Amino acid sequence: MIKVNLAGAMRKKAAVKQARPRMTVSAPSNLLPIVFVLMAAATAVAGYLWYSRLSSRIEELTSQISEAQAEKAKLDVVIQQNRIYETRKQQLESRIKVIEDLKRNQITPVVSLDMLSRAVDRTRYVWLSNVDQNNTQFTMAGASSSLNALADFVSNLENTGYFHNVNLVSAQDTDGNYVFNMTCEFAPPQRAGDARGGN
Numbered sequence: 006m007i008k009v010n011l012a013g014a015m016r017k018k019a020a021v022k023q024a025r026p027r028m029t030v031s032a033p034s035n036l037l038p039i040v041f042v043l044m045a046a047a048t049a050v051a052g053y054l055w056y057s058r059l060s061s062r063i064e065e066l067t068s069q070i071s072e073a074q075a076e077k078a079k080l081d082v083v084i085q086q087n088r089i090y091e092t093r094k095q096q097l098e099s100r101i102k103v104i105e106d107l108k109r110n111q112i113t114p115v116v117s118l119d120m121l122s123r124a125v126d127r128t129r130y131v132w133l134s135n136v137d138q139n140n141t142q143f144t145m146a147g148a149s150s151s152l153n154a155l156a157d158f159v160s161n162l163e164n165t166g167y168f169h170n171v172n173l174v175s176a177q178d179t180d181g182n183y184v185f186n187m188t189c190e191f192a193p194p195q196r197a198g199d200a201r202g203g204n
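Below, the structure written as structure tokens:
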């Protein structure tokens with residue numbers, strides 16, 4: 006039987022590892038302060054360059070901010086003028102609308118009474134005793150010989166094209182005649198068409 010001593014071989018390898026020479030770098034001790042001074046100088050130069058770059062950037066941004074504030078001041082004046090113009094525009098538009106509404110709602114008494122007289126003439130046995138006009142609203146009181154004559158009068162009012170929303174408020178039989186009250190709106194035909202068209 007052969008015996009192998011493995012423990013001895015490990016000791017030899019460890020001895021070989023320890024036997025290798027170590028390399029050491031030695032610098033002269035008088036260069037160390039110079040290296041520190043150079044490093045400090047390089048750090049100071051880098052810090053100065055960084056600071057000067059930041060300072061120039063700050064100056065540039067400050068200049069841009071002052072330009073933007075000057076532009077904002079100019080635009081604030083323009084915005085204020087625009088608000089004044091918008092207010093004036095709204096006032097003028099409301100005045101124009103009032104004038105247009107007045108023109109649209111203006112009723113010539115001649116036309117309204119002419120249309121009313123045509124409706125009465127086309128109806129037999131209807132007499133008007135009172136007619137009140139408040140802008141476009143008419144209130145009428147009168148008498149008729151029958152309910153059929155009263156229905157014909159309502160139809161004739163609507164057929165003129167000028168009277169709309171005819172509403173018979175009351176009709177009472179008094180001694181063979183019917184006394185009635187009614188309301189209606191007066192508007193030219195094109196206006197009524199505009200109202201139906203949604204304008």
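In my numbering, the protein residues as written are 6 to 204. Note that the Cβ used here is the ideal one computed from N, Cα and C, for glycine as well. Predicted, not measured: the structure shown is a model, and the values here were computed from it.
What did DSSP end up calling residue i once you bin it into helix, strand or coil?
i, result
"Ser61", "helix"
"Thr141", "coil"
"Thr188", "strand"
"Ser134", "strand"
"Asn182", "strand"
"Ser149", "strand"
"Leu155", "helix"
"Pro193", "coil"
"Arg129", "coil"
"Thr67", "helix"
"Gly203", "Low confidence applies here, because Gly203 scores a pLDDT of 47, under 50, leaving its location unreliable; read the following figure in that light. It is coil, neither helix nor strand."
"Thr92", "helix"
"Gly35", "According to the sequence shown, residue 35 is Asn rather than Gly. In this structure, Asn35 counts as coil in the three-state DSSP scheme."
Between which two residues does the beta strand (DSSP E) harbouring residue i extend?
i, result
"Ala176", "168–179"
Let me check understanding here. Comparing Cα to Cα, which of the options lies closest to residue i?
i, options, result
"Phe258", "Leu43, Ala78, Thr188", "This structure does not reach residue 258, given that the chain is present from 6 up to 204, and the question cannot be answered."
"Thr128", "Val116, Asn135, Ala154", "Ala154"
"Phe191", "Leu152, Thr141, Asp178, Ala47", "Thr141"
"Asn135", "Ala49, Glu105, Lys108, Phe185", "Phe185"
"Val171", "Asp178, Leu162, Thr179, Gln177", "Leu162"
"Phe158", "Gly52, Lys108, Asn182, Tyr130", "Tyr130"
"Thr179", "Ala75, Asn164, Ser149", "Ser149"
"Pro194", "Gly166, Val174, Tyr183, Gly181", "Gly166"
"Asn182", "Val174, Asn139, Trp132", "Trp132"
"Met176", "Asn164, Leu152, Asp106", "A small fix is needed here, since residue 176 is Ala in this sequence, not Met. The candidate whose alpha carbon is nearest that of Ala176 is Leu152."
What first and last residue would you give for the alpha helix (DSSP H) that runs through residue i?
i, result
"Pro114", "114–126"
Indicate whether the contact test is met: 3 or more Cβ pairs, each with one atom in the segment 122–132 and one in the segment 95–111, closer than 8 Å. no
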